[in-house]
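Asks: This is the structure I have questions about; it appears just below.
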Amino acid sequence: MEMTINKQQVDERTAQAADFAAMLYSGVMTAEEEQALASWLEQSAESRAEYESMLDVWHSTGALSSRLDELGEEVSEKRPPVKPRQRWLPVALAASVLFGVAVAWQGWFVGESSVPESQLAIYQTSTGENRAVTLGDGSLVILNTNTRLLVDYSENQRRVTLNWGEAYFEVTADPNRPFLVDTEGKAVTVLGTRFNVQKAGFALKVAVVEGLVAVHRAENKMTPTTEAVDIKPGQPIPVEGTAGKYRLGAGVMATFTGNMGSSSARITSEEISQSDNFPDWRFGRIRFMNRTLQEVVKELNRYTTKKILIEDSRVMDVKVSGVFKLNAIDAALKRFEQALPLRVVEYPDRIVITGLD
Numbered sequence: 017m018e019m020t021i022n023k024q025q026v027d028e029r030t031a032q033a034a035d036f037a038a039m040l041y042s043g044v045m046t047a048e049e050e051q052a053l054a055s056w057l058e059q060s061a062e063s064r065a066e067y068e069s070m071l072d073v074w075h076s077t078g079a080l081s082s083r084l085d086e087l088g089e090e091v092s093e094k095r096p097p098v099k100p101r102q103r104w105l106p107v108a109l110a111a112s113v114l115f116g117v118a119v120a121w122q123g124w125f126v127g128e129s130s131v132p133e134s135q136l137a138i139y140q141t142s143t144g145e146n147r148a149v150t151l152g153d154g155s156l157v158i159l160n161t162n163t164r165l166l167v168d169y170s171e172n173q174r175r176v177t178l179n180w181g182e183a184y185f186e187v188t189a190d191p192n193r194p195f196l197v198d199t200e201g202k203a204v205t206v207l208g209t210r211f212n213v214q215k216a217g218f219a220l221k222v223a224v225v226e227g228l229v230a231v232h233r234a235e236n237k238m239t240p241t242t243e244a245v246d247i248k249p250g251q252p253i254p255v256e257g258t259a260g261k262y263r264l265g266a267g268v269m270a271t272f273t274g275n276m277g278s279s280s281a282r283i284t285s286e287e288i289s290q291s292d293n294f295p296d297w298r299f300g301r302i303r304f305m306n307r308t309l310q311e312v313v314k315e316l317n318r319y320t321t322k323k324i325l326i327e328d329s330r331v332m333d334v335k336v337s338g339v340f341k342l343n344a345i346d347a348a349l350k351r352f353e354q355a356l357p358l359r360v361v362e363y364p365d366r367i368v369i370t371g372l373d
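Taking the numbering used here, the leading residue of the sequence shown gets 17, the next gets one more, and so forth.
Structure representation (structure tokens):
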């Protein structure tokens, strides 16, 4: 009896995750539906994991790759065609999400291109733009808004320099050629497969979805056997006497500031399943859980050329929870007026938020 109940609970959770994802990708998700989604995600780590897992599967389908080719026709026609990644997906599930995926990414993804196996190349996105690049070894990189990436592949090493911005990586294993992400001072050596890196001012933010990565000073070299400090959420993280070498496993997100290996270093960590900072931008959306309006506006301004301004100090700390579609930020902000004591006024070049008189 217990096994039947557990299986039923899992099936119901999977079905609910599919329903919410379909609502999100339909492009017509209401404020009530967004609130219901936020509440459901807060119920349990299992619900959030199921939802993220399903979105990740949808992201990897051939249907999405085909849609990206259409959206990026102008870019990709000058480059060799990219072979989409093939992964198993039940036929019924695939059929149910094709339309929603196409709608969700329209106007957000620029296109997908490829890099030969040995080449120096630069890729850059503007504000509000998102781009997928397949590297010569089959690794996938997705550049977020306002990001610049230098790819330097050689016979002995795969080096990517993140000059600014944010990128998500799915790295193909190659024990003979290490994969290194350099952020000009701090570096990430890939010991696993899927992770996200953001260079935010003087801070480096790393989130590991699958596998293992090492974070260290750029001048150091790391291998799977190199001694390093394992970062685990909820446990103290030493900063001195570590030689500036750390490891992160799947499900861990960490922020690094200061000079790694010295007393000036600051490192914080949390579980991805408990965070609203997980890199949802890959799916054309961003979510917040009980964040201040000031924090929300700062993050949203990364994705829009029409800047959002708070012109009333009284509302800076108003708490906000919700899911924003990155191709409809203006509309989402207008809904603030329905749920919060705010007034949102849109001008041709900016959006102004104030409190109610």
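Every residue, glycine too, gets a C-beta built ideally from N, C-alpha and C.
Taking buried to mean at least 16 other C-beta atoms within 10 Å of its own C-beta, is A31 buried or exposed?
Replies: Answer is exposed; the Cβ neighbour count stays below 16.
Asks: What residues in its chain sit with their C-beta under 6 Å from that of K215, if we drop five residues either side in the sequence?
Replies: Same-chain partners within the cutoff: L178, W180 and T199.
Asks: In the segment 313 to 360, which residue ranges form an unbroken beta strand (DSSP E) of at least 3 residues, counting only runs that do not cross its ends?
Replies: Correct list: 323 to 326 and 335 to 341.
Asks: If we ignore side chains and look at the alpha-carbon of each, how far apart do K323 and N317 end up?
Replies: Straight-line Cα distance between these residues: approximately 6 Å.
Asks: Is there at least one Cβ from chain C nearer than 9 Å to A344's Cβ?
Replies: Chain labels in this structure do not include chain C; a single protein chain is all it has.
Asks: Using three-state DSSP, classify D168 as helix, strand or coil.
Replies: Note: D168 maps to strand in three-state DSSP.
Asks: Could you please give me the residues that DSSP links to F218 through a beta bridge?
Replies: None; F218 has no bridge partner.
Asks: In terms of DSSP beta bridges, what is S285 paired with?
Replies: S285 is bridged to A270.
Asks: Just mark V255 as buried or exposed, buried being the case when its beta carbon has 16 or more other beta carbons within 10 Å.
Replies: V255 is buried by the Cβ-count criterion.
Asks: Going by DSSP in three states, R174 sits in which element: helix, strand or coil?
Replies: Correct three-state label for R174: strand.
Asks: Within its chain, find whatever has a CB closer than 8 Å to the CB of V229; leave out the 5 residues flanking it on each side and keep chain order.
Replies: Correct list, in chain order: V204, T205, V206, L207, G208, F211, V222, R263 and L264.
Asks: So, helix, strand or coil for L53, using DSSP?
Replies: Helix, per DSSP.
Asks: For I302, write down the residues that DSSP places opposite it in a beta bridge.
Replies: The partner list for I302 (beta bridge, DSSP) reads F340.
Asks: Under DSSP, the beta strand (DSSP E) around I369 begins and ends at which residues?
Replies: Where I369 is concerned, the enclosing beta strand (DSSP E) stretches over R366 to G371.
Asks: When the Cβ atoms of the segment 141 to 148 are set against those of the segment 161 to 174, are three or more pairs found closer than 8 Å?
Replies: Segments in contact, yes.
Asks: What would DSSP say about Y363, mapped onto helix, strand or coil?
Replies: It is coil, neither helix nor strand.
Asks: Which of helix, strand or coil does DSSP assign to R210?
Replies: Of the three classes helix, strand and coil, the one that applies to R210 here is strand, per DSSP.
Asks: In whole angstroms, what separates the C-alpha of S329 from that of L309?
Replies: Each residue's Cα considered, the two are about 11 Å apart.
Asks: In this structure, how does DSSP classify A111 when only helix, strand and coil are distinguished?
Replies: Here the model assigns A111 a pLDDT of 28, short of 50, so the residue's position is not dependable, and the following value carries that caveat. In this structure, A111 counts as helix in the three-state DSSP scheme.
Asks: Does the separation of the CB atoms of P357 and V334 fall below 9 Å?
Replies: Cβ atoms of P357 and V334: closer than 9 Å.
Asks: Sort out for me which residues DSSP pairs T161 with in a bridge.
Replies: Paired residue(s): none; T161 is not in a bridge.
Asks: With the cut-off set at 9 Å, would you say A234 and T271 are in Cβ contact?
Replies: No; because the gap between Cβ atoms is not below 9 Å, this pair is not in contact.
Asks: Within the continuous beta strand (DSSP E) that includes L401, where are the two ends?
Replies: Here the chain has residues from 17 to 373 only, and residue 401 is not among them.
Asks: DSSP state of L196, grouped into three classes?
Replies: Strand.
Asks: Here's a check: name, in chain order, each residue in its chain whose Cβ is nearer than 7 Å to the Cβ of V187, leaving out the five neighbours to either side.
Replies: Only S155, F195, V206 and T209 meet the Cβ criterion.
Asks: Have a look at the DSSP bridge pairing and note the partners of I247.
Replies: In DSSP, I247 forms a bridge with L264.
Asks: How many whole angstroms separate the CB atoms of V360 and L349, which I take to be in contact at a CB cut-off of 8 Å?
Replies: With a Cβ gap of about 5 Å, V360 and L349 count as contacting.
Asks: Based on the DSSP output, what are the partners of K202 in its beta bridges?
Replies: Looking at the DSSP assignment, K202 forms a beta bridge with R233.
Asks: Just to confirm my understanding: we take F36, look at its own chain, exclude 5 residues before and 5 after, and list those with CB closer than 7 Å. What are they?
Replies: L53, W56 and Y67, listed in sequence order.
Asks: Would you list the residues sitting across from N179 in a DSSP beta bridge?
Replies: N179 is not bridged to any residue.
Asks: Taking V213 as the reference, give the member of K261, A281, E182 and I247 with the closest Cα.
Replies: Closest option to V213, Cα to Cα, is E182.
Asks: With a threshold of 16 other CB atoms inside 10 Å of the CB of G250, please say whether the residue is buried or exposed.
Replies: With fewer than 16 other Cβ atoms within 10 Å, it is exposed.
Asks: Work out the CA separation of E226 and S285 for me, nearest whole Å.
Replies: Cα-Cα distance, rounded: 16 Å.
Asks: Within the same chain, show all residues whose beta-carbon is closer than 7 Å to that of W124, passing over the 5 residues directly before and after it, in chain order.
Replies: Caution applies to W124, whose pLDDT of 45 falls short of 50 and renders its modelled position unreliable; the value that the coordinates give is listed next. Result list for W124: N146, G300, L342 and N343, in chain order.
Asks: Classify A33 as buried or exposed, calling it buried when 16 or more other Cβ atoms lie within 10 Å of its own Cβ.
Replies: Buried, by the Cβ-count rule.
Asks: Look at the alpha carbon of L325 and the alpha carbon of I367, and state the distance between them as a whole number of angstroms.
Replies: C-alpha separation (whole angstroms): 6 Å.
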